[in-house]
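Numbering-wise, the first sequence is residues 0 to 426 according to numbering that gives the first Met the number 0.
Have a look at the structure below before the remarks.
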Amino acid sequence: MLDIKFIREHPDLVKEGIRKKGDVDRIDEVLLLDKKRREVIQKTEALKNQRNVVSEEIAKIKKSGQDAIQAISEMNKVKDEIKSLDNELRKIEEEFNNLLLTIPNVPHPSVPEGHKPEDNQAIFSWGKLHPEYIGVNETDFEPKPHWELAEKLDIIDFGTGVKVTGAGFPFYKNRGAKLQRALINFFLDEAHGKGYIEIQPPLMINTASATGTGQLPDKEDLMYVVNRDELYLVPTAEVPLTNLHRDEILSEKDLPVKYCAYTPCFRREAGSYGKNVRGLNRLHQFDKVELVKFVHPGTSYNELEGLRSDAEALLQKLNLPYRVLLMCTGDMGFTQSKKYDLEVWAIGQKCWLEVSSISNFESFQARRINVRFRLAGGKPEFVHTLNGSGLALPRIVAAIIENYQTPEGKVIVPKVLHKYTGFEVIG
RNA sequence: GGAGAGGUGUCUGAGUGGUUGAAAGAGCCGGUCUCGAAAACCGGUGUACUCGAAAGGGUAUCCAGGGUUCGAAUCCCUGCCUCUCCGCCA
Numbered sequence: 000m001l002d003i004k005f006i007r008e009h010p011d012l013v014k015e016g017i018r019k020k021g022d023v024d025r026i027d028e029v030l031l032l033d034k035k036r037r038e039v040i041q042k043t044e045a046l047k048n049q050r051n052v053v054s055e056e057i058a059k060i061k062k063s064g065q066d067a068i069q070a071i072s073e074m075n076k077v078k079d080e081i082k083s084l085d086n087e088l089r090k091i092e093e094e095f096n097n098l099l100l101t102i103p104n105v106p107h108p109s110v111p112e113g114h115k116p117e118d119n120q121a122i123f124s125w126g127k128l129h130p131e132y133i134g135v136n137e138t139d140f141e142p143k144p145h146w147e148l149a150e151k152l153d154i155i156d157f158g159t160g161v162k163v164t165g166a167g168f169p170f171y172k173n174r175g176a177k178l179q180r181a182l183i184n185f186f187l188d189e190a191h192g193k194g195y196i197e198i199q200p201p202l203m204i205n206t207a208s209a210t211g212t213g214q215l216p217d218k219e220d221l222m223y224v225v226n227r228d229e230l231y232l233v234p235t236a237e238v239p240l241t242n243l244h245r246d247e248i249l250s251e252k253d254l255p256v257k258y259c260a261y262t263p264c265f266r267r268e269a270g271s272y273g274k275n276v277r278g279l280n281r282l283h284q285f286d287k288v289e290l291v292k293f294v295h296p297g298t299s300y301n302e303l304e305g306l307r308s309d310a311e312a313l314l315q316k317l318n319l320p321y322r323v324l325l326m327c328t329g330d331m332g333f334t335q336s337k338k339y340d341l342e343v344w345a346i347g348q349k350c351w352l353e354v355s356s357i358s359n360f361e362s363f364q365a366r367r368i369n370v371r372f373r374l375a376g377g378k379p380e381f382v383h384t385l386n387g388s389g390l391a392l393p394r395i396v397a398a399i400i401e402n403y404q405t406p407e408g409k410v411i412v413p414k415v416l417h418k419y420t421g422f423e424v425i426g
């Protein structure tokens, strides 16, 4: 969430940001409630002060052996007033906090304004023209989409997934399963090499954690819920990783703190349909290695570029053609101030697949989860948080299958994975 | 799941209704001493909200939420968590 003080002092700037994101502007409501809230606070605190002073007097009177009936009956009235004001305040604060949680983060000035996919800027691409690119050349033969190849090679079984669980829960088999495991290990090892601490987080999260990273209160529909225990299946490792330091004060010299984690991710994806859910393109359960950073506010945009290049390096090592999109204001999430998407080219489908989303949240999440650091000799201040996928597995698998297919329907394994897979070709 | 014990500041740990934001010690910061360091000694050392231009006030905070009381870290209820024992289990 945003700092109420910041909103109070820069209402126009915040409104402008909301407008750019295409969200509903409720800033005037926030400010009105804030005013009401502070008025009630002042009233109750004055009464509480009176109560404290008189109570102390009563103590003295009683000690001296005298009667304090007069003062006590007076305080009985004050007590009731305090109670009713406290109730009023509680209601106002609840409303105020809920409203504040729905105010989106303000976009960074460098983010292009727009609301359509075309407004996202492709700022970099890497691929076929690169001398190291060794993938398929579509002039040689007509490349197939990954689901056809995968079924034929018996490495992914979509039908059995439907039987056992439902659509979007495939079985990986044989060298397909091994390829998954190889990619996870490759990604984790690379992250470790870049100084990310490896974590195996819980796969279920509670309400507070989901609220902290912004999945709640609005986006409950995207998660699977375990009602009986009030838990959610992780939609991304971002949630447990970012909440790892909830309510903590980090020490300045420890920043930046960098974590990586592999987890399955569970998403309901309600409302998805059509060809962009075919095969591995959109699943309810998928594997992902996630990167999260807690950083000094002054460095967060540098750290964002660092995160981006860490993720890009993986694609380059896998020799997969990709492009980098700087996402426009309207395509950015609720919590982000700047976001890049990495999209890999899937030659069989002839489309771009998003494999990583790299964001700076500035202090937006940190304020929700209350993660601060202490300035040398000074007051605690909120850190900035960032995250990025490094990377999401299924679409990488799809891209490998499609871009490394041979005319005979085999798939060549990218060189960097050989030591993890133990084989160099599938089929 | 059953039975018991317990949750106090950065940490250890006192405190069972009235100057308790909270003893004491450790840690940390500053100072004295020292060529320098250690030791010793002296001083300082939570957070949030709120009023205020500031200085400086005020309120809250001893796991969380309710309750009793003029007044609660202290009494009562509920929840969460930790520990011990039993059961179950990979």
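For each residue, glycine too, the CB sits at the ideal point set by N, CA and C.
Where DSSP assigns a beta bridge to residue i, which residues make up the other side?
i    : result
H244 : Answer is none; H244 lacks a bridge partner.
K469 : Absent from the model: residue 469. The displayed extent of the chain is 0 to 426, so no value can be given.
D340 : L324, S356
E80  : Per DSSP, none; premise fails for E80.
S124 : R322
N224 : Checking the sequence shown, residue 224 turns out to be Val, not Asn. Paired residue(s): Y231.
Can you name the start and end residues of the beta strand (DSSP E) that residue i belongs to?
i    : result
I204 : 203 to 205
T384 : 383 to 391
Y231 : 230 to 232
F372 : 370 to 373
E197 : 196 to 198
How is residue i classed by DSSP in three states: helix, strand or coil?
i    : result
D286 : strand
P130 : Unreliable positioning characterises P130 in this predicted model, as indicated by a pLDDT of 49, which lies under 50. The coordinate reading is nonetheless provided below. Looking at P130 - three-state DSSP - the assignment turns out to be coil, as it is neither helix nor strand.
G426 : coil
Y419 : helix
E28  : helix
P103 : coil
L249 : strand
S63  : coil
T262 : strand
A345 : strand
F168 : coil
Q404 : strand
E141 : coil
E93  : helix
E56  : helix
E380 : strand
V410 : strand
R50  : helix
Go to residue i, then tell me how far its alpha helix (DSSP H) extends in each direction, as first and last residue.
i    : result
R281 : Neither: R281 is in no alpha helix (DSSP H) and is coded neither H nor E.
S308 : 299 to 316
V13  : 10 to 20
A190 : 173 to 192
E150 : 145 to 152
F157 : 157 to 163
Under 7 Å: does the beta carbon of residue i sit that close to some heavy atom of the ligand HEM?
i    : result
N184 : This structure simply doesn't include the ligand HEM, nor any ligand for that matter.
Would you call the stretch 288 to 307 and the stretch 76 to 92 in contact, with 3 or more CB pairs under 8 Å? Short answer: they don't touch.
Check whether the stretch 358 to 372 touches the stretch 334 to 343, counting contact only when three or more Cβ pairs, one atom from each stretch, lie closer than 8 Å. These segments touch.
Any contact between the stretch 174 to 193 and the stretch 312 to 322? By contact I mean 3 or more CB pairs, one from each, below 8 Å. Of all C-beta pairs linking the stretch 174 to 193 to the stretch 312 to 322, three or more are shorter than 8 Å, placing the two stretches in contact.
Specify whether the stretch 247 to 261 and the stretch 204 to 212 touch according to this definition: at least 3 beta carbon pairs, one from each stretch, less than 8 Å apart. No, the stretch 247 to 261 does not touch the stretch 204 to 212.
At least 3 beta-carbon pairs within less than 8 Å: the stretch 321 to 328 vs the stretch 113 to 129: Output reads yes: the stretch 113 to 129 touches the stretch 321 to 328.
The stretch 156 to 167 contacting the stretch 223 to 239, beta-carbon criterion three pairs below 8 Å: Judged by pairs of C-beta atoms under 8 Å, the stretch 156 to 167 does not touch the stretch 223 to 239, as fewer than three such pairs exist.
Do the stretch 398 to 410 and the stretch 346 to 356 meet, that is, are 3 or more Cβ pairs less than 8 Å apart? Touching, yes, given that three or more Cβ pairs across the two stretches are closer than 8 Å.
Quick check: the stretch 12 to 23 against the stretch 38 to 50, are there 3 or more CB pairs under 8 Å? Touching, no, given that fewer than three Cβ pairs across the two stretches are closer than 8 Å.
Below 8 Å, how does it come out for the stretch 62 to 74 and the stretch 109 to 116: are there three or more Cβ pairs, yes or no? The answer is no - the stretch 109 to 116 does not touch the stretch 62 to 74, with fewer than three Cβ pairs under 8 Å.
Please confirm if the stretch 365 to 377 is in contact with the stretch 279 to 287, defined as three or more CB-CB distances below 8 Å between the two stretches. Cβ pair count under 8 Å is below three, so no.
With three or more beta-carbon pairs closer than 8 Å as the criterion, would you say the stretch 165 to 173 touches the stretch 252 to 264? By the Cβ rule, the stretch 165 to 173 does not count as touching the stretch 252 to 264, because fewer than three pairs are nearer than 8 Å.
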